[in-house]
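To start, the structure under review is shown below, and the notes come after it.
In my numbering, the protein residues as written are 186 to 815.
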């Protein structure tokens, strides 16, 4: 009976959201209508959230009469994983997506006063988008289907690789970032519909946009970290198609935030900013389509049902076509005010926006070209790291150089290049000498890596100077923006050193034998078999010594899960500030030796630290009283 209540509440919320959307977009904005729209949306969200919470309770209490729960949960799971099993597959993850979409709208509804002229239309647009996704859920992906009259005694269990805290947190965080951009998207369309050129929609969405960007940054970082230690890949990014469709909204969102800062400051780039708000949300929807359409094979994919993909594709096409049509019809409304001065801050932001768009187009090409090729020629091809590196490295280097010089730029005024400032000279000097030192120490002729290190260093040093000036002389108004850009430089340097110094080798080692690799002495101590509640495991025990006198044990595992019979690899990692010692165990060979994969990953932790530092700067900007201009 309780699942029927949950189902009914979701249907009821669909009807109420439709009423909000249709009423908001067909009536004039008055205090009465605005208040009515706000109250009705709150009731719709109450019904939807009640439906979702009931569904969570069904998973916690092992209600295997619900088909989805029976297929993706198990009574032996800890409560935490019973909850996360809800978004471990297509239907439940879409339910979570819709709930978060409505949640963003609800928070916007209670935070923004009804007197705000753009609020009713914004709530209406958000509501209609929710309706579209709810219909997709209820018609094509119904999570409320039951197994009656005889329900199974136990569930099929969640995928073992998903039984991890990081991955349990990763999808919700990522979704909050994806759907969070519905606020600037809906506000920009509301601005176009209202037709009031004086409406300051940019200021209204500023912190909402930064909030969504923070969630998206943290979500991508968590996914990268999980893939590193859980899947046994030993890397942080693999240009997987689903990774790429998460990267595109992030690139577009970053460009949007920079363009938004210009629009807030000077009302310039207004047209471009609105177009970017549409682009960011459209790319988020495109990611939902890719993951759930079944048109690609990926460890991240949720579904393999092209029929579902057709619904999503049609729905996304309607949203994009409608928003772009409205945009084109209102171009006269959003003409920018004044010209952009050469080498002003606006010009640097505009140039870097072009770089971001180029990167987005490149990633889109890498994702879609194999699909088009397969459709035309019935042959599978893949676009891998060489393609992306060939495009990303030079563009990122150029963008970093522009970012470096933009620090000294002024709003609406050109830089005087006749005099190089002391910070510029110091940054160039230290970066250049450090790069030459790296060249001689590590004896590398990889120009791409050296140039990336150089540009990363000039950004690091230049923004460190800005942070120091902010703290000591109070000369920089937005220290946390400087920290975010410093983190970008740190990210470039970390990636470069990781690529330059990291090594990997597969060793064949017998128990009670030693093997040398680089500066490591690896001793295979023992093999043990252990059992847990839902799996048994082969646990290998190693002792490792390095030339610096460090001595530590590592114990990688191979697990076999009872319910699914699935075998997973559990990594063992020795963490230090400069490098990770990374072990995974493979199969036993006929001579009794075991395949042991050893990786030495330099500065890989600094990659995630850099991303987290960006997110931290964004969080502080959200809660600070200063304008969160980029």
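No residue lacks a Cβ here, since even glycine has one placed at the ideal position from N, Cα and C. Here the structure is a predicted model, which means the values were calculated and not measured.
Check whether the Cβ atoms of residue i and residue j lie closer than 9 Å to each other.
{"i": "residue 730", "j": "residue 706", "result": "yes"}
{"i": "residue 305", "j": "residue 219", "result": "yes"}
{"i": "residue 587", "j": "residue 533", "result": "yes"}
{"i": "residue 700", "j": "residue 781", "result": "yes"}
{"i": "residue 459", "j": "residue 373", "result": "yes"}
{"i": "residue 399", "j": "residue 362", "result": "yes"}
{"i": "residue 610", "j": "residue 689", "result": "no"}
{"i": "residue 331", "j": "residue 273", "result": "no"}
{"i": "residue 239", "j": "residue 191", "result": "yes"}
{"i": "residue 454", "j": "residue 535", "result": "yes"}
{"i": "residue 462", "j": "residue 589", "result": "no"}
{"i": "residue 477", "j": "residue 497", "result": "yes"}
{"i": "residue 302", "j": "residue 214", "result": "yes"}
{"i": "residue 741", "j": "residue 716", "result": "no"}
{"i": "residue 518", "j": "residue 380", "result": "yes"}
{"i": "residue 806", "j": "residue 666", "result": "yes"}
{"i": "residue 284", "j": "residue 353", "result": "no"}
Would residue i count as contacting chain B if we go by Cβ distances under 9 Å?
{"i": "residue 442", "result": "Going by chain labels, chain B is absent from the structure shown, which holds only one protein chain."}
How far does the beta strand (DSSP E) with residue i in it reach, from first residue to last?
{"i": "residue 390", "result": "No beta strand (DSSP E) holds residue 390; the alpha helix (DSSP H) holding it covers 386-414."}
{"i": "residue 358", "result": "Not the beta strand (DSSP E): residue 358 falls in the alpha helix (DSSP H), residues 350-365."}
{"i": "residue 782", "result": "779-787"}
{"i": "residue 755", "result": "752-755"}
{"i": "residue 700", "result": "699-702"}
Whose C-beta lies closer than 6 Å to the C-beta of residue i among residues of the same chain, with five residues either side of it excluded?
{"i": "residue 558", "result": "566"}
{"i": "residue 670", "result": "648"}
{"i": "residue 186", "result": "none"}
{"i": "residue 822", "result": "No information on residue 822 is available, as it lies outside the stretch 186 to 815 that the chain covers here."}
{"i": "residue 194", "result": "232, 235, 236"}
{"i": "residue 208", "result": "none"}
{"i": "residue 457", "result": "444"}
{"i": "residue 203", "result": "316"}
May I ask you to list the residues that DSSP assigns as paired with residue i?
{"i": "residue 724", "result": "713, 742"}
{"i": "residue 764", "result": "787"}
{"i": "residue 257", "result": "Partner(s): none; residue 257 has no beta bridge."}
{"i": "residue 247", "result": "According to DSSP, which records beta bridges pairwise, residue 247 is partnered with nothing at all."}
{"i": "residue 331", "result": "251"}
{"i": "residue 759", "result": "766"}
{"i": "residue 705", "result": "702, 731"}
{"i": "residue 736", "result": "730"}
{"i": "residue 453", "result": "Paired residues: none, contrary to the question."}
Leaving out the 5 sequence neighbours to the left and right, which residues in its chain are closer than 8 Å to residue i when beta-carbon positions are compared?
{"i": "residue 623", "result": "629, 635, 638"}
{"i": "residue 719", "result": "259, 261, 262, 342, 746, 747, 748"}
{"i": "residue 695", "result": "709, 776, 777, 778, 779"}
{"i": "residue 359", "result": "400, 401, 404, 405, 407, 408, 431"}
{"i": "residue 281", "result": "237, 271, 272, 356, 357, 360"}
{"i": "residue 656", "result": "664"}
{"i": "residue 439", "result": "398, 541"}
{"i": "residue 750", "result": "none"}
{"i": "residue 511", "result": "374, 377, 378"}
{"i": "residue 802", "result": "665, 666, 668, 669, 672"}
{"i": "residue 894", "result": "A query on residue 894 cannot be resolved here, the shown segment of the chain reaching from 186 to 815 and no further."}
Identify, in the order they occur along the chain, each residue of the same chain with its Cβ nearer than 7 Å to the Cβ of residue i, setting aside the five sequence neighbours on each side.
{"i": "residue 679", "result": "788, 791, 792, 795"}
{"i": "residue 205", "result": "222, 225, 226, 229, 308, 309, 312"}
{"i": "residue 562", "result": "none"}
{"i": "residue 344", "result": "273"}
{"i": "residue 244", "result": "254, 258, 267, 268, 270, 271"}
{"i": "residue 464", "result": "437"}
Could you spell out the range, first to last residue, of the alpha helix (DSSP H) harbouring residue i?
{"i": "residue 690", "result": "Segment 688-694 is the beta strand (DSSP E) holding residue 690; no alpha helix (DSSP H) there."}
{"i": "residue 421", "result": "Segment: none, residue 421 is in no alpha helix (DSSP H) and carries neither H nor E."}
{"i": "residue 646", "result": "632-657"}
{"i": "residue 538", "result": "530-562"}
{"i": "residue 590", "result": "570-591"}
{"i": "residue 620", "result": "607-627"}
{"i": "residue 316", "result": "304-325"}
{"i": "residue 200", "result": "187-211"}
{"i": "residue 278", "result": "275-296"}
{"i": "residue 269", "result": "264-269"}
Residue i: beta carbon under 8 Å from a heavy atom of the ligand NAD?
{"i": "residue 331", "result": "Among the ligands in the structure shown, none appear at all, so the ligand NAD cannot be discussed."}
| query | Between the segment 564-582 and the segment 459-474, do at least 3 Cβ pairs fall closer than 8 Å? | reply | Cβ pair count under 8 Å is below three, so no.
| query | Okay, do the segment 224-232 and the segment 318-330 touch, 3+ Cβ pairs below 8 Å being the bar? | reply | The segment 318-330 and the segment 224-232 do not touch, with fewer than three beta-carbon pairs separated by less than 8 Å.
| message | Is it the case that the segment 576-585 contacts the segment 534-548, given that we only count it when at least three CB pairs across the two stretches are under 8 Å? | response | For the pair of segments examined, the segment 534-548 was found to touch the segment 576-585: the number of CB pairs separated by less than 8 Å reaches three.
| request: Would you check if there are 3 or more beta carbon pairs closer than 8 Å linking the segment 326-341 to the segment 291-306? | output: Cβ pair count under 8 Å is below three, so no.
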